[in-house]
Amino acid sequence: MSHDSAPKPLTSSLGSPLTGTIRVPGDKSISHRSLMFGALAVGRTTVKGLLESEDVLATADAMRAVGATITKLEDGSYTVDGIGLGSLLEPEHVIDFGNAGTGVRLTMGIFGSHNIAATFVGDASLSKRPMGRVLNPLRDMGTNVIARDGDRLPASIRGPEQALPITYRVPMPSAQVKSAVLLAGLNAAGETTVIEPIPTRDHTEKMLKGFGADISVSVNEAGERVIKLQGQPELKPQDIDVPGDPSSAGFPLVAALIVPGSDVVIENVLLNEHRTGLITTLIEMGGDISIVNRRETGGEEVGDLHVKASKLKGITVPADRAPSMIDEYPVLAIAAAFAEGDTFMPGLEELRVKESDRLAAVARGLEANGIPCVETEDTLTVTGGADAIGGGTVVTHLDHRIAMSFLVLGMAAHKPVTVDDGAVIATSFPTFTGLFDGLGAKISANTSEAA
Numbered sequence: 001m002s003h004d005s006a007p008k009p010l011t012s013s014l015g016s017p018l019t020g021t022i023r024v025p026g027d028k029s030i031s032h033r034s035l036m037f038g039a040l041a042v043g044r045t046t047v048k049g050l051l052e053s054e055d056v057l058a059t060a061d062a063m064r065a066v067g068a069t070i071t072k073l074e075d076g077s078y079t080v081d082g083i084g085l086g087s088l089l090e091p092e093h094v095i096d097f098g099n100a101g102t103g104v105r106l107t108m109g110i111f112g113s114h115n116i117a118a119t120f121v122g123d124a125s126l127s128k129r130p131m132g133r134v135l136n137p138l139r140d141m142g143t144n145v146i147a148r149d150g151d152r153l154p155a156s157i158r159g160p161e162q163a164l165p166i167t168y169r170v171p172m173p174s175a176q177v178k179s180a181v182l183l184a185g186l187n188a189a190g191e192t193t194v195i196e197p198i199p200t201r202d203h204t205e206k207m208l209k210g211f212g213a214d215i216s217v218s219v220n221e222a223g224e225r226v227i228k229l230q231g232q233p234e235l236k237p238q239d240i241d242v243p244g245d246p247s248s249a250g251f252p253l254v255a256a257l258i259v260p261g262s263d264v265v266i267e268n269v270l271l272n273e274h275r276t277g278l279i280t281t282l283i284e285m286g287g288d289i290s291i292v293n294r295r296e297t298g299g300e301e302v303g304d305l306h307v308k309a310s311k312l313k314g315i316t317v318p319a320d321r322a323p324s325m326i327d328e329y330p331v332l333a334i335a336a337a338f339a340e341g342d343t344f345m346p347g348l349e350e351l352r353v354k355e356s357d358r359l360a361a362v363a364r365g366l367e368a369n370g371i372p373c374v375e376t377e378d379t380l381t382v383t384g385g386a387d388a389i390g391g392g393t394v395v396t397h398l399d400h401r402i403a404m405s406f407l408v409l410g411m412a413a414h415k416p417v418t419v420d421d422g423a424v425i426a427t428s429f430p431t432f433t434g435l436f437d438g439l440g441a442k443i444s445a446n447t448s449e450a451a
């Protein structure tokens, strides 16, 4: 689970146009929640298309640790035999979440309202990320917490005999915090309310309703989303077909736009309105992107993206779009490097507390490859159209999205681009290099720099 082993550099370079039809791995957000809600239901949940990344498999191990039975079938689908809300067993060992921020925060919410004790650890990157944003509302519900300075991992929690329902206003746009409070509220008697000033991805609300929870969403006079959950429901098992992850789709999407002559179809991509900010932005930049075969599955809209190489132009990305595409800004910065003029991206403070300080990591990576940019505390401006792009080595800081984004840069740059560690890509997109090889990209191991 740890990424503390020897790094594995990768180098990408300009090759032939990218062509073909592909499917990206299943959506990570829905994959995590499928396993969690399946564990809390009574009976068998079947999950097709589960993302088999290190992050999601860590969640599977955590659910097994409290009594759920999770089995992979011969056809690649998974069954989750749940133990029921309120019936979690106390884990016999430390819960290691590796690099999985979503997994650990949501699981803290689930465990934190049960009368069990659990200790959470992670790799070097996850251990730097703030957990107080989840631990503080859990404290309000009666959970005892012992954590490292700054509420960072390792952290130990013990849930109360009876968790208290709370009303909680989310202090920052974060689907993880919102979801952790709602998941904790599942085992609290009474009504838990979450007030969300800025809307974020709503998979938790949709999936809880699908599993039979009594949950409602409204908008108050201030324009804030108000989510009310009645505690201690009996969750019912479901059959889930996980659509393609739009965050993972962002990499072939941008690559097809910037590699000359490319023509790519990305099938079965999740089109949840809170997850399509990158697609909207790239179309505004002049990207030739068509959404075809729109359909609905499991309460979520999906479709196929037909993408062709395009001449892009710089734009100002609305700050209020950031919550719908916060994970996609690193690869958007790569698209901006090939756009004419400046692309201005405000509202990026949340990038500072991702798997790395992503805002700084993106800026340093751009600079290392001759791409002009200006970084402030919460903005990034990228000036596209530089004559000499590429040739640099990018420090990934154990961040899978930094590694993948700059490999996409190398596919269209004048000179090859190297990332210092490609092993971290397995966190979310274990088939990344194979998928791009099939499209015609040139990605190679760089063993000479591995020492």
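Using the UniProt record's numbering, the first residue of the sequence shown is number 1, and each one after it goes up by one. A virtual CB, placed ideally from N, CA and C, is assigned to each residue, including glycine.
- Residue burial is scored here from C-beta neighbours: Ala117 has fewer than 16 other C-beta atoms within 10 angstroms and is therefore classed as exposed.
- Under the 8 Å Cβ criterion, the region 379 to 397 counts as touching the region 418 to 433, having at least three qualifying pairs.
- Restricted to the region 121 to 193, the beta strand (DSSP E) segments that are unbroken, complete and at least 3 residues in length are 144 to 148, 152 to 158 and 167 to 169, listed in chain order.
- With 16 or more other Cβ atoms inside 10 Å of its own Cβ, Met36 counts as buried.
- Taken in chain order, the whole alpha helix (DSSP H) runs of length 4 or more contained in the region 387 to 428 are 400 to 412.
- Note on Met285: 16 or more other CB atoms within 10 angstroms of its CB, so buried under the neighbour-count rule.
- Gly86 is positioned such that its CB atom lies no closer than 8 Å to that of Gln238.
- DSSP places Ala118 within a strand segment (E or B) once states are collapsed to three.
- With contacts defined by Cβ atoms closer than 8 Å, Val56 and Ile70 do not form a contacting pair.
- In this structure, the straight-line span from the alpha carbon of Leu51 to that of Gly26 is close to 5 Å.
- DSSP places Thr379 in the coil class of the three-state scheme, outside both helix and strand.
- The residue among Pro372, Lys236, Gly365 and Arg358 with its C-alpha nearest the C-alpha of Asp378 is Arg358.
- Ala337 and Leu366 have their C-alpha atoms some 8 Å from each other.
- About 12 Å separates the Cβ atoms of Phe97 and Phe111, ruling out a contact at the 8 Å cut-off.
- Taking the Cβ atoms as the reference, Met108 lies roughly 7 Å from Leu138, within the contact range of under 8 Å.
- Minimum Cα-Cα distance from Asn293 among the listed residues Asp304, Gly299, Glu300 and Val24 corresponds to Asp304.
- By the neighbour-count definition (other C-beta atoms within 10 Å, threshold 16), Ile157 is a buried residue.
- Contact check for Ile291 and Leu270: beta-carbon distance about 12 Å, past the 8 Å limit, so the pair fails to qualify.
- Under the 8 Å Cβ criterion, the region 370 to 386 does not count as touching the region 216 to 228, having fewer than three qualifying pairs.
- In this structure, Pro91 sits away from Pro260, with a CB-CB distance that is not shorter than 8 Å.
- The C-alpha of Pro243 lies about 28 Å from the C-alpha of Gln230.
- Ile22 is the residue among Ser179, Met345, Ile22 and Leu106 whose C-alpha sits nearest the C-alpha of Gly434.
- When Cβ pairs closer than 8 Å are counted between the two stretches, the region 241 to 258 is seen to touch the region 318 to 334, the count reaching three or more.
- Closest by C-alpha distance to Ala368, out of Gly410, Ala68, Ala339 and Lys128, is Gly410.
- Counting along the chain, Ile227 sits inside the beta strand (DSSP E) bounded by residues Arg225 to Gln230.
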